[in-house]
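Sequential numbering of the sequence shown, starting at 635, is according to the numbering used here.
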Amino acid sequence: MNAKTFYVIGIVAITVAILIFLILRLLDFNDTTSIIGGISGAIVGAVIGYLIKS
């Protein structure tokens, strides 16, 4: 994998994590739940970014 692949994976992971965090905050979950959801979103986003790139 080259640097561009890591760049795409990182951008998708961060975007998905932020979106999930904001959605959970809008649905009035507490901070801990939202942070855990954001981390899970980052993992899912990394997988999606990898699949997009490959």
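Idealized CB from N, CA, C, for every residue including glycine.
If you're wondering where the values come from, they're calculated on a predicted model, not measured in any experiment.
Note to self: According to DSSP, simplified to helix, strand and coil, what is Phe-663?
What the structure shows: coil
Check: According to the neighbour-count rule (16 or more other Cβ atoms, all chains shown, within 10 Å of its Cβ), is Ala-637 buried or exposed?
Finding: exposed
Checklist line | Supposed close pair Ile-682, Val-646 - CB separation, criterion 8 Å | finding: 6 Å
Next item on the list: Could you check what DSSP says for Ser-688 in three-state terms: helix, strand or coil?
Entry: coil
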